[in-house]
Every structure is written in C-alpha cells, then in structure tokens.
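The structure appears right after this line, and notes come after that.
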Amino acid sequence: MVVVGHGMVGHRFVEALRARDAAGTWRITVLAEEAEPAYDRVGLTGYTEHWDRGRLALPGNDYAGDDLVDLRLNSRVIGIDRAAKAVQTADGRSVPYDALVLATGSYAFVPPVPGRDLPVCHVYRTLDDLDAIRASADAALNSKTPVGVVIGGGLLGLEAANALRAFGLTTHVIEKSPHLMAAQLDEAGGALLKRMIRNLGIEVHTGVGTESIVPVQRSEPLRRSDRDDAVRVSLDDGTHIDTGVIVFAAGVRPRDELGRQAGLDIAQRGGVLTDLGCVTSDPDIYAIGEVAAIEGRCYGLVGPGYTSAEVVADRLLGGSAEFPEADMSTKLKLLGVDVASFGDAQGRTPNCLEVVVNDPVKQTYAKLVLSDDAKTLLGGILVGDASAYGILRPMVASELPGDPLSLIAPASDGGATGLGIGALPDIAQICSCNNVTKGDLKEAIGAGCTDVPGLKKCTLAGTSCGSCVPLLKQLLEAEGVEQSKALCEHFPQSRAELFEIVTATGIRTFSGLIERFGTGKGCDICKPVVASILASTSSDHILDGEQASLQDTNDHFLANIQRNGSYSVVPRSPGGEITPEQLILIGEIARDFGLYTKITGGQRIDMFGARVDQLPEIWRRLVEGGMESGHAYGKALRTVKSCVGSTWCRYGQQDSVDMAVRLEKRYRGLRAPHKIKMAVSGCARECAEAQSKDVGVIATEQGWNLYVCGNGGMSPRHAQLLASDLDDETLIRYIDRFLMFYIRTADRLQRTAPWLEAMDFPGKTGLEHLRDVVCHDSLGLAEEFEAAMQRHVDGYRCEWKGVLEDPDKLSRFVSFVNAPGVPDPTVEFTHKSGRKVPVSIGMPKVPQS
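1365 is the number of the first residue of the sequence shown in our numbering; add one for each residue after it.
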C-alpha cells in the first residue's frame, strides 16, 4: 500500500487500516511532501499563538514501533505509472504499489489579481505559510504601513484576519460576496457577523473585488534604517488600501494534478472522481479527503475526510463500506464570536419553511430550516450564541419534539438549552468528526464506560474538534450513571462543598470539621485537602497548631523532597527578576552547603541536596538577604515567568516584567487545589510561553490579552483566550476572580485545564460559562472574589520567615533526635554529574499523599 499525502485524513487512513488489519496483510509506505508529519490543520491558527510546531502534531504521527508503516517525509510524488503500478518521487525514486491511496488534499486558490506574486503576498495553508506571514507581519509592524489585508471572508479568511490582528496589525477583510461566510451563513447571519467583527476593530469590505496590487510609490525618500515593502490594494469600488502584508484566503482547490497526469477521471469542478467506495476509475487507486470528488462532489471538512478514510480501510480488508451522506455542519468561534451552521442551512430544500429569531441588541441570530409541514428539522444557522448547536445538529432529519420557535428562543424564555440529550433518537449523530451516534455511546456506557474520559477513549467521540464533549456528560446523567462526589471515605462531600462549609461555618480545625461533617479520623487524602482549604481561607501559618500535622511531605518541611531523601530550596524571583546581590548570595549558600544549582523552567534558581537540619540556616541567610519562599513545595502559585518586554526588547508592546512582578507579588503564597503557573509576554511573539500556563498574559497595542487554563504535565493543554485588550486594573480584577472561582470550585488535585473541561453549565461550553462568571459577573460573586483575594494580599507573610521567628516551628527541622545533623560517611548519593553528596543518618518519616 502506498499513501500519497500525510495530512489529517492520510494519517487517519493509516491508523484505521492498521487498527483493523490484525493479520498484517498490508505493508504501508506513506509519502509526505511536507517536512512535518501529520499535524492538526484545523487548529492551524493556534500556531500563531505559540509558534510551537510540536503542539499541533497528531498523536502517533510517526508510527514509532510499527514495522508495517514506513513514513517518508520530504518525499514529493511527481507522477503515477499505472501500467507499472509505481509512483515516482522528486528525488528520483520509484515506489511500487498493489493499492494506491491519494490523500493529497487541496491547495489555496489565489485569484488572478495583478501583483499577486509580490513578496508581501501569502496564502494561509501550511505551517511554512504561517512562518512566512509572520515574517511579513514583523516587517510591516516596523514600517510606515502596519496594516494587513485578507482577501476572502470565509472561515479561513476570518481565521487569517484574527492572526494578523494578533500580530498587532490594523486588519482589513475583503469579501467579494455580499456577506461573510457565504458558504455557511445567509445574508442576515452574515450581516450580524460583519457588525460584530467590525466592533472588534477589523474593517470588513463586502461586495467588492480586488482589481490590482502594486508597490506604493513614496514621494519622500526613505532613510537607510527604514524598511517599507508597502503595496496598494485597489478595489473595484474605486477605493484602495495600503498594506504591508496580504493573505489570500479565497478558497481551496483539490490537488488533483497527479490524477490528471495519470489519466484518472476528474470531476467537472475538479477533484479525482470516485464512487461511494472512494474507488477511482482505476480499481487499484483510491482517493480520500479533499482531493476526492465522491460521485462528483468534493468535501472541504475534516469529518467527511475521516469518513472516506474509514471507507477505504474497510474496502481494502474485504468490506463493502460506502460513503454515507456527509455531515457538513460547522461550529467555531471566530475572533470570539460563536458561529454555527448545520444541515440545509441555506434553505435549498423545495417548499421548506424558516423560523428566525434576530436580536440586534443582544447580537444573536438563529434560524431553523424546517420541512413544509414544520415537523422535521432540515438545518439551521446560529450567530452570536451557538449554545443550542449540540442539541440541534443531531436532530437534523428527525421529527421535532415541540414548537420549533422554542428551540431557538433565549434560555430565559424556555429555549433549547432546557431540551437535553434525552430528546434525541439513538440514531442521532453526536460526534460528526468520528461518526459516533447516541446509540454507540449508550452501548459504551452499558459496557462499563462511566465517565467522559472513558467514553472518549472507547468511542473516539469528542477527540477531534471537541464540540460534542458537553453532550457526553449530559448523556451519562441521562442514563443514570451517578458520579460520586465524595472526597474520601471520611467525607461524603466534594472538595468544593467542604470549601463552602469552612467558609460558612468558620471552622478552623480539621478535628472540628470531621466531627461535625465527616466520620472517622481522616486519611492522607482528606487531611491535606482540608489543610489547603484552611490555608486558602485565612492567613494563618500552615505549621500552626493542629494544622501542621495535616500537611503532606513537602509542606511538612516547606521544601521539596528529592529522590535521595534530601530537599531542594527555591527562593522567589518575581517575574524572573533578580539582583546581582541575590545572585551572589545564592552562589555563596550553594558553595557553603555543597548544593547542586539549576535554573528552573520557571526562571528561578533551585538548590538541591540540603538536609532537613540545614534548611533553617539556609533560609535564615536568604531571608536576611531580602529573599523569601518561592513556594516550590506547595500547591500554590509557583512562578510568573516573563520576557523582557518593552524595557529591553525592540518588539515589546507593554512592560511584561513589571506586570509579572506585580502579579507574582500579589498572588504569592496563594494556596489552591493544585499548583498554579503564570507567564507574561510583552508581545505576540510569546517568548514567555504564556499560553501553556494556568494564567497567561500577552501584551497588545491596546493592553493585555488574558489566557487561562493552560497546563503542562502528562496531558498538556493549550490556554484559551478569556478576554482581550484589557487595561492593567481590569486584567488584575479578572485574574482575581478567575483564581478565586478555581480555588472555590475545583476538585482535589485538579489543575485548571481539567477543571475547565469538567465545568458544566446548561447550554454553554466551560469557557463560555467561565467568561460569564469572570467578565460579566453572572453569579454575582465578583465583589466577593475580589474581597477574598484582597484579604489574602493583605495577610500574606513569608512562610519561612514565620518559621525562623518561632522556636516551636524550628524544632521540627532536625534529623533523628539522637543524631541531629550528623552525616553518615558510609552512604553517598552520586549525581549524574559525578558529584557526591553525603546523606544524613535516616530522614524523618512523614505521611505521603
């Protein structure tokens, strides 16, 4: 088997064939034109936020350990010899095949506009394209024409506009059709979208075409240091726009050149013609994805592409699968605006009826297309509020459960948000990307899948675009699968419920809490959780009184225990800022105590190898030198990473260092369900990697963009945009509210990303609900959150300074009482660097959690 192309669909085909071919019938060679293995092209715009190609890589795209798959990157195929059953590559190789799958996808269409070949003109299709756009945008930002133009107002064009806007360019969108997203929206929906995007600062020109692109002729000479590649875009309405970068996003065309060269049948409007089995006019050649014209029609969405891949995998193993009617539904957020269309959105079915709710004040538009008897849902459009999409899309071609108008009426008027998944038939397709029905999900639940992660793993639902994930939880609840909220055997309440109990009752001891609301003596689960809640709701020292006995290993000694039983010491360096005197002090301490030093990923200096009895003296010197605890040991704020921002960097738009220092000093010592990491970047180049943090802040020309719920670890998550162009004070207010909402409602040891994913609010995604709470105060708790945070700020004290001032607390920092501080000369720990470190005679045994 030879596969030409390694995009999302090509990769899906290889996975599907290998999963079904247990006997190893097929040996697969994948010939990829790009240097990168398969990546998430649907999420291409996310690349402009972090510039990390690895984040877009599809799982398993290198087929490591699979001897039956040979992936060859940078292997462009230039011809097919059907008689010899072989393909030729650009490097002169001939690769034979028994069966050939064309998965070459599509290319960006560039209309024949004079000047389209100028250096500032780009397309928006691959990672290399985005790198080139970035370079032009950088040049434009530093020129006399910091303007970007996107030609094309469809899905891809609006994503490109979002990218140019994020670069800091004044952005224009030019669309020849009368309204935006003409393929998905009707005129009214497109008009509302245009208004909303203009409100975001992007100028939209609809109903106009592009006549020419020519270099701008400057009347004044440029200085040698100036760079100006500006061009003038002339429109057919007589206007023009001077710009420094142009992105063509005027649609795509199937890459069918190999099929044409080989003499395969080509559809009238392009694409390699296939039957419903995705077989071309040559029975040994198949076509899948965007290059395939299945019975004459090309599909430009990943869902139908995946379906075609599954069909061919089945056929190659003796099956008879056929391509079903494709689901062309789309739901996305364009520049923060919800847009969705599904089924016959344009109302092309003869004698169909339309029900419309258009609210220009709330900026929402909803339309349902119904059969002529008003009983069957045919399609619909949602703009501004797409919360009903999850329920409505699976209902297409089904009989409606009630009044059509009630399905799109606002939730306050009894709209669709109250309908629920129970109204859907078992044949309703819940996940269109992976063709998973409600019946498939119910079968998985019956087989023992009792939570959302289990359903995703078992059925693949929700593993592609993720828009159906809220429905998975709804279905579990509808099927009566109860999810226990008990913290442990001693407390029937969840962590969030215990937090509310502590806040409401004023109980300040574990013994008092378990006596009134729990049973037994407690365990290594509930004790640290209660300790964290008590620390989050007061400024008491965590080693005071009874609370000291609740702490886990690290908090017990205010230091991170290492694999050899020694501890590490991490003083705080707010925003990564550190003075020469502090550097010297750290160096002297490390030298005097024989500690190993390392710069951490959070821009701090870590000292490894300290014994318990050495910790107080080390911290005494640090505190006397003006330093304080970095809380590397606690479930608390760890670091606020920063770039150098406008202070030093020529690209910096705001003072990222000052903001990072301000945030770290505000939230230092803040105890939470899990560790919290933050970062502040001074421009869209994102040198501080803010979008991988729980709280990420990125500078814009107007202020700050706030990203939340990005986590590293075993399951990395990319942070999501919560709010844009905030001033300093609003930014801090929003972070206050976000952190307090998280601390108050998250589960034990739950980081912000899974907390957001698990957030449940009828008719809304987790991010939408979070935005309502944080930015719009939908729960009426903003003032309470801010007050709680201010109490923390006012009450903050360095925990190590508190230890040094209290003899009782100091008394815990000893080795065995009969041999305090005595190293055992017969035991050594050898670091991989070769340096030997003595180990104390035994270390105190403390509970692990």
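Glycine residues also receive a C-beta, built at the ideal position from the N, C-alpha and C atoms.
If we ignore side chains and look at the alpha-carbon of each, how far apart do residue i and residue j end up?
| i | j | result |
| --- | --- | --- |
| Ile-2241 | Phe-1957 | Nothing can be reported for residue 2241, as the shown portion of the chain is limited to 1365 through 2213. |
| Ala-2146 | Leu-1482 | 51 Å |
| Ala-1685 | Asp-2136 | 45 Å |
| Gly-1973 | Ser-1930 | 5 Å |
| Val-1933 | Met-2023 | 25 Å |
| Lys-1806 | Pro-1765 | 20 Å |
| Val-2072 | Lys-1558 | 27 Å |
| Gln-1946 | Glu-1988 | 11 Å |
| Leu-1491 | His-1414 | 12 Å |
| Lys-1820 | Gly-1826 | 6 Å |
| Cys-1890 | Val-1655 | 57 Å |
| Phe-1706 | Arg-1457 | 45 Å |
| Leu-1734 | Leu-1877 | 57 Å |
| Leu-1741 | Ala-1555 | 24 Å |
| Arg-1376 | Arg-1382 | 10 Å |
| Val-1800 | Phe-1874 | 47 Å |
| Ala-1860 | Glu-1551 | 46 Å |
| Gly-1812 | Pro-1789 | 21 Å |
| Ala-2052 | Tyr-2015 | 14 Å |
| Ala-2087 | Ala-1463 | 50 Å |
| Gly-1782 | Cys-1642 | In this prediction, Gly-1782 scores a pLDDT of 47, lower than 50, which makes its location untrustworthy; no coordinate-derived value is stated. |
Hey, residue i and residue j are a contact pair by Cβ (cut 8 Å); roughly how many whole angstroms apart?
| i | j | result |
| --- | --- | --- |
| Ile-1772 | Val-1721 | 5 Å |
| Pro-1768 | Ala-1738 | 6 Å |
| Arg-2101 | Val-2138 | 5 Å |
| Val-1433 | Ile-1392 | 5 Å |
| Asp-2092 | Thr-2064 | At roughly 13 Å, the Cβ-Cβ gap does not stay under 8 Å, so Asp-2092 and Thr-2064 are not in contact. |
| Gly-1516 | Ala-1614 | 4 Å |
| Ser-1937 | Arg-1968 | 5 Å |
Does the Cβ of residue i have 16 or more other Cβ atoms within 10 Å, making it buried, or fewer, making it exposed?
| i | result |
| --- | --- |
| Gly-1810 | exposed |
| Gly-1990 | exposed |
| Trp-1983 | buried |
| Val-1366 | buried |
| Gln-1548 | buried |
| Ile-1791 | exposed |
| Asn-1715 | exposed |
| Lys-1726 | exposed |
| Lys-1849 | exposed |
| Arg-1587 | In this predicted model, Arg-1587 has a pLDDT of only 46, less than 50, meaning its place in the structure is not dependable enough to derive any value. |
| Asp-2058 | buried |
| Phe-1855 | buried |
| Asn-1563 | exposed |
| Pro-1892 | buried |
| Thr-1883 | exposed |
| Pro-1423 | exposed |
| Thr-1869 | exposed |
| His-1370 | buried |
| Phe-2149 | buried |
| Asp-2141 | exposed |
| Val-1701 | buried |
Based on the DSSP output, what are the partners of residue i in its beta bridges?
| i | result |
| --- | --- |
| Thr-1740 | Glu-1763 |
| Tyr-1471 | Arg-1617 |
| Thr-1801 | Gln-1793 |
| Cys-2051 | Paired residue(s): none; Cys-2051 is not in a bridge. |
| Thr-1535 | Gly-1512 |
| Gln-1307 | This structure cannot speak to residue 1307, because the chain is shown only from 1365 to 2213. |
| Ser-2006 | Val-2044 |
| Phe-1706 | Gly-1744 |
| Tyr-1729 | Asn-1722, Val-1747 |
Would the beta-carbon of residue i be found less than 8 Å away from any heavy atom of the ligand GTP?
| i | result |
| --- | --- |
| Glu-2150 | Absent from the structure shown: the ligand GTP. Ligands present: none. |
So which of the options has the shortest CA-CA distance to residue i?
| i | options | result |
| --- | --- | --- |
| Arg-1624 | Ile-1610, Ala-1614, Arg-2176, Thr-1644 | Thr-1644 |
| Asn-2069 | Gly-2076, Leu-2095, Asn-2075 | Leu-2095 |
| Arg-2049 | Lys-1885, Leu-1528, Phe-2177 | Leu-1528 |
| Asp-1571 | Val-1578, Leu-1696, Leu-1544, Val-1597 | Here residue 1571 turns out to be Gly, not Asp, going by the sequence shown. Residue Leu-1544 is the option with its Cα nearest to Gly-1571. |
| Gln-1978 | His-2038, Tyr-2031, Phe-1921, Leu-1422 | Phe-1921 |
| Val-1511 | Thr-1607, Val-1465, Glu-1567 | Thr-1607 |
| Ser-1993 | Cys-2007, Met-1971, Thr-2011, Ser-2006 | Met-1971 |
| Val-1816 | Asp-2124, Val-1378, Val-1484 | Asp-2124 |
| Trp-1390 | Glu-1400, Tyr-1411, Ala-1399, Val-1465 | Val-1465 |
| Asp-1431 | Gly-1388, Ala-1448, Val-1451, Arg-1405 | Gly-1388 |
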